[in-house]
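Quick note, the sequences are listed as chains A and B, same order. Sequence positions in the first sequence follow my numbering and run -11 to 100. Sequence positions in the second sequence follow my numbering and run 1318 to 1435. For reference, the structure discussed in these notes is given below.
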Amino acid sequence: EPEVTQTPSHQVTQMGQEVILRCVPISNHLYFYWYRQILGQKVEFLVSFYNNEISEKSEIFDDQFSVERPDGSNFTLKIRSTKLEDSAMYFCARLGQGDGYTFGSGTRLTVV
Amino acid sequence: AQSVTQPDIHITVSEGASLELRCNYSYGATPYLFWYVQSPGQGLQLLLKYFSGDTLVQGIKGFEAEFKRSQSSFNLRKPSVHWSDAAEYFCAVGAVPGGGGGADGLTFGKGTHLIIQP
């Protein structure tokens, strides 16, 4: 399986602070995604990215979230003012042309 | 809209017994189907995937799944479970690569928590 690298693996932040989660997929992806999994719950779609633009976003992906590709390779998910309920595991993923979906190992975000 | 139903929230089986985890999906085109396993606090590990070919798919760790289009099902099976199989199992559906879809990513079921009795 091709790799998708996420950093950091675990981040603790204070409520109201901004956080940036990073992901580096291998090249030649069709789509890039961010997902969220609150502890004990299912994995939920946040947003998809195609041709350097947001393609689809869910109801969860409100104005406090943003996704960028700052340097042509990394993808970032920014949460502007974190809330306690943003504590979750965040996964990035890619959809390749011939090799399907690949997930990163996740970033565990803890908001205190 | 695409959806995945995993009707069993918890399943308990004895070590060495056979296992079947159920998954039903709803998808408007040719589905790309997946099973993932997740240990507590860990990431998602891909067990197997299917979108074409033989409807019985072999995966890692001795797991297999059978695609039944008529039943919209993709059930996961293992002939003999081991204590290390205890985990959360997620079924997911998405677009086939190159099929023109993909914007919605994968839709996951709520998961089945597998408990292994000694």
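Every residue, glycine too, gets a C-beta built ideally from N, C-alpha and C. Fair warning: this is a prediction, and the values are worked out from it, not measured in the lab.
In whole angstroms, give me the CA-to-CA distance for residue -4 of chain A and residue 79 of chain A. Each residue's Cα considered, the two are about 11 Å apart.
Stretch-stretch touch, CB-based, cutoff 8 Å, three pairs: the region 1330 to 1348 of chain B with the region 13 to 33 of chain A: Verdict: no, contact absent.
Beta-carbon within less than 6 Å of residue 77 of chain A's beta-carbon, same chain only, minus the 5 sequence neighbours each way: which residues are those? Excluding residues within five positions, the ones whose Cβ falls inside 6 Å are 25, 94, 96.
If you check the beta carbons only, do residue 7 of chain A and residue -1 of chain A fall under 8 Å apart? Cβ atoms of residue 7 of chain A and residue -1 of chain A: closer than 8 Å.
Option in B:1333, B:1318, B:1425 with minimal Cα separation from residue 1400 of chain B: For the residues B:1333, B:1318, B:1425, the minimum Cα distance to residue 1400 of chain B belongs to B:1333.
Residue 1324 of chain B: which of B:1392, B:1419, B:1396 sits nearest, CA to CA? The alpha carbon of residue 1324 of chain B has as its nearest neighbour, out of B:1392, B:1419, B:1396, the alpha carbon of B:1392.
Do residue 1409 of chain B and residue 1353 of chain B count as a contact pair if the criterion is CB distance below 8 Å? Yes. Within cutoff.
Who does residue 1318 of chain B pair with in a DSSP beta bridge? According to DSSP, residue 1318 of chain B bridges with nothing at all.
If you compare alpha carbons, which of A:2, A:19, A:44, A:3 is closest to residue -8 of chain A? Out of A:2, A:19, A:44, A:3, A:19 has the C-alpha closest to the C-alpha of residue -8 of chain A.
Which one of B:1351, B:1359, B:1371 has the shortest CA to CA distance from residue 1365 of chain B? Sorting B:1351, B:1359, B:1371 by C-alpha distance to the C-alpha of residue 1365 of chain B places B:1351 at the top.
Measure the alpha-carbon distance for residue 32 of chain A versus residue 1330 of chain B and round it to whole angstroms. Distance between residue 32 of chain A and residue 1330 of chain B, taken at the CA atoms: about 28 Å.
Residue-level contact to chain A via CB, residue 1393 of chain B, 8 Å cutoff: So no, residue 1393 of chain B is outside the interface.
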